[in-house]
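One line per chain: the protein sequences are Z and V, in this order. For the first sequence, the working numbering begins at 166 and goes up steadily by one. For the second sequence, the working numbering begins at 2 and goes up steadily by one. For every residue, glycine included, the Cβ atom is placed at its ideal position computed from N, Cα and C.
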Amino acid sequence: MTELVERVGAQALGMVEAARGLTNVLVRTLARTFRRRRGEPGEVLRQMFEVGNRSLVFIAVTLGFLGMVLVFQSSLQVSRITGDPSPIGPQFFKILVHEFGPTLTAQMLATRVGAGIAAEIGSMVVTEQVDALRMCGVDPIEYLVVPRFIACMVMTVALTIFAVVVAFFAGALTAKLSFGVNPATFINFAEAKVGDVLTGLTKCIAYGAAIPVVSGYCGLTAGRGSEGVGSATTRAVIGSSFTVIVLDFILSSVGYFVFQGGA
Amino acid sequence: MPVKTIAGTLGSTIVGLCRETGGMTVLLWRVLRALVPPTLDWRELLRNLHKMGNKSVPIVVLTAVFTGGIMVIQSGVFVRRFGATGLVGWGAGYAVFREVGPILIGLMFSGRVGANNTAELGTMTVTEQLDGLRALAIDPVRFLIVPRVVAMITMLFCLTVIGDLVAVIGAVVVAQALLGVSPWTFYWSMIEHLHPVDFTNGLIKALAFGFAIALSSCHFGITVRGGAVGVGRAVNNAVVAAAVSIFLLDFFLTYILR
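Encoded structure:
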């Protein structure tokens, strides 16, 4: 019994500690982002290249296949019920813009970029480069996390737009090849309203802000040695993917009430 | 100059891709060879099953609850427009069982267990523990890799079963709270429109995803080079490879198992 209480208590304390650390990193990152920066001039651009260009093929492959699968599944169901899969296109675009595009792109970025950030910062912590930064009077958050934060927010939006385009055309191709739906009827953007676009954009920005903060925190708190880097990377992947799912739930509910006039 | 750079990048990417795919194929062959007379280290297997399965239950349950909720919110628009409350259970259930459930649980599993496994094997490789095993005439594939591969496949399967059921609970709660669809309507909608095959198709996908995650995480773990930095990079590569293979396999399995 005592052991159980102890374990629950230890878990709770750990969670409180993590929440405090995360809030700390988030607040300091935001404060440093809006203050005048004195970091390296090309750092944000370099990170944008790292986050954006290096993820292009990865995002294109995963989201392209996702688009094909989604259209295939839903066309199969719709043609079983009504016999006509042609109205799938506009609905598919709508749900891609406000749900699957941002969320799955962010999931992919959480695995690729989140792990990358944690591995990089974690290695710097282990090799005592972060301590060296502190000794020189440089704030590691300002120097390491802020450029990644800005780059990740911008690039999540850009990559999501790219992902939506790729997934939509992959879907159009599937609809044409498997169900003979004319691309001219499939490619119809009428269903996507301003509310959908706004929901999608809000999600992108929220995910783009969350991934570097969570992974940066995991990297900065890495333990000693290669074990420390490994476990920091693992925590970063799982933490940022889970944050994406929770944010998706919250923002989808808010979007449903605000834009679809729910309840 | 730019053409040369592009050609060089493309070439090295393709060579790298071939090397990793080849490495995974060789690893797969060695794992299968080790499994043919099933000589398993049962203690190691049990330890891995516990570590990979039981300890992942909380994160899978949380993910699944939210996933179920999200699917209901997404179908809410159609329900309101067409008044089709009888279809919510079918829509959410179909999406969760066949696609979203296995994919999201697989991705979370890859993040938690796959990445952890790569980090662990990578640390062992970097600290030359694998060479130590070889020096004692213990085959690292038999002793370390096979129990992990078996444990990951088994556990992703079990976790997907749990996750699917929990996702339905999440969906029922959100349907009642947000759309005012009673749990009873939801239940009947699922019973009437869903078939067992929808559920089993998702589980077949989970088996395949487990296989892909296990192979990629073990492969990148035992080929680590370059100390702590190398371990971080290997974990990164392993999760990326697992994510790509999950989506590729999902596509082909969806075609095969309509």
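Beta-carbon proximity list for residue i, same chain, < 6 Å, skipping 5 on both sides
i, result
"residue 171 of chain V", "66, 69 and 70"
"residue 223 of chain V", "122 and 126"
"residue 361 of chain Z", "259, 262 and 263"
"residue 173 of chain V", "184 and 187"
"residue 242 of chain V", "217"
"residue 351 of chain Z", "254, 337 and 340"
"residue 316 of chain Z", "209, 212, 213 and 216"
"residue 380 of chain Z", "279, 282, 283, 401 and 405"
Residues near residue i by beta carbon distance below 8 Å, same chain, minus five either side
i, result
"residue 175 of chain V", "69, 70, 73 and 74"
"residue 416 of chain Z", "364, 367, 368 and 371"
"residue 80 of chain V", "86, 88, 89, 180 and 182"
"residue 95 of chain V", "194, 195 and 199"
"residue 247 of chain V", "104, 107, 108, 111, 210, 213 and 214"
"residue 322 of chain Z", "366, 369, 370 and 373"
Cutoff 8 Å: residue i Cβ touching any chain Z Cβ
i, result
"residue 240 of chain V", "yes"
"residue 75 of chain V", "yes"
"residue 63 of chain V", "yes"
"residue 112 of chain V", "yes"
"residue 164 of chain V", "no"
"residue 191 of chain V", "no"
"residue 12 of chain V", "no"
"residue 97 of chain V", "no"
"residue 67 of chain V", "yes"
"residue 152 of chain V", "no"
"residue 208 of chain V", "no"
"residue 174 of chain V", "no"
"residue 252 of chain V", "yes"
Nearest-angstrom Cα separation, counted from residue j out to residue i
i, j, result
"residue 356 of chain Z", "residue 78 of chain V", "12 Å"
"residue 93 of chain V", "residue 200 of chain V", "12 Å"
"residue 18 of chain V", "residue 213 of chain V", "15 Å"
"residue 342 of chain Z", "residue 97 of chain V", "26 Å"
"residue 428 of chain Z", "residue 252 of chain Z", "Unreliable placement is indicated for residue 428 of chain Z, whose pLDDT of 39 sits below 50; the coordinate value is still reported in the next sentence. Distance between the alpha carbons of residue 428 of chain Z and residue 252 of chain Z: 26 Å."
"residue 235 of chain Z", "residue 84 of chain V", "24 Å"
"residue 474 of chain Z", "residue 399 of chain Z", "Only positions 166 to 428 of chain Z appear in this structure, which leaves residue 474 of chain Z out of reach."
"residue 340 of chain Z", "residue 349 of chain Z", "11 Å"
"residue 219 of chain Z", "residue 261 of chain Z", "23 Å"
"residue 150 of chain V", "residue 237 of chain V", "19 Å"
"residue 335 of chain Z", "residue 146 of chain V", "37 Å"
"residue 188 of chain V", "residue 169 of chain V", "10 Å"
"residue 329 of chain Z", "residue 210 of chain Z", "24 Å"
"residue 259 of chain Z", "residue 141 of chain V", "50 Å"
"residue 135 of chain V", "residue 31 of chain V", "15 Å"
"residue 192 of chain V", "residue 91 of chain V", "8 Å"
"residue 237 of chain Z", "residue 409 of chain Z", "26 Å"
"residue 34 of chain V", "residue 187 of chain Z", "46 Å"
"residue 326 of chain Z", "residue 138 of chain V", "54 Å"
"residue 287 of chain Z", "residue 306 of chain Z", "13 Å"
"residue 289 of chain Z", "residue 422 of chain Z", "44 Å"
Neighbour flag for residue i against chain V, beta carbons, 8 Å
i, result
"residue 195 of chain Z", "no"
"residue 167 of chain Z", "no"
"residue 211 of chain Z", "no"
"residue 273 of chain Z", "yes"
"residue 192 of chain Z", "no"
"residue 306 of chain Z", "no"
"residue 360 of chain Z", "no"
"residue 413 of chain Z", "yes"
"residue 392 of chain Z", "yes"
"residue 421 of chain Z", "yes"
"residue 344 of chain Z", "no"
"residue 427 of chain Z", "Summary for residue 427 of chain Z: the model assigns pLDDT 46, below 50, so the residue's position carries little reliability, and this model does not support an answer."
"residue 280 of chain Z", "yes"
"residue 180 of chain Z", "no"
"residue 277 of chain Z", "yes"
7 Å CB neighbourhood of residue i in its chain, flanking five on each side removed
i, result
"residue 103 of chain V", "161, 203, 206, 207 and 210"
"residue 251 of chain V", "104 and 206"
"residue 24 of chain V", "220 and 224"
"residue 152 of chain V", "46, 49, 50 and 53"
"residue 244 of chain Z", "250 and 344"
"residue 229 of chain Z", "331, 332 and 335"
Extract the residue ranges of the alpha helix (DSSP H) inside the segment 335-413 of chain Z, only unbroken runs of 4 or more that lie entirely within it.
Every alpha helix (DSSP H) stretch that sits fully inside the segment 335-413 of chain Z and reaches 4 residues is listed by chain position as 348-351 and 359-385.
Return the chain-ordered ranges of every alpha helix (DSSP H) run that is complete within the segment 39-124 of chain V and spans a minimum of 4 residues.
Whole alpha helix (DSSP H) segments, 4+ residues: 43-53, 58-83, 89-96 and 102-110.
Start-end ranges of the alpha helix (DSSP H) lying completely within the segment 195-223 of chain V, minimum 4 residues:
For the segment 195-223 of chain V, whole alpha helix (DSSP H) runs of length 4 or above, ordered along the chain, are 197-223.
At 4 residues or longer, and completely inside the segment 270-347 of chain Z: list those alpha helix (DSSP H) runs for me, N to C.
Qualifying alpha helix (DSSP H) stretches, in chain order: 280-291, 294-300 and 311-344.
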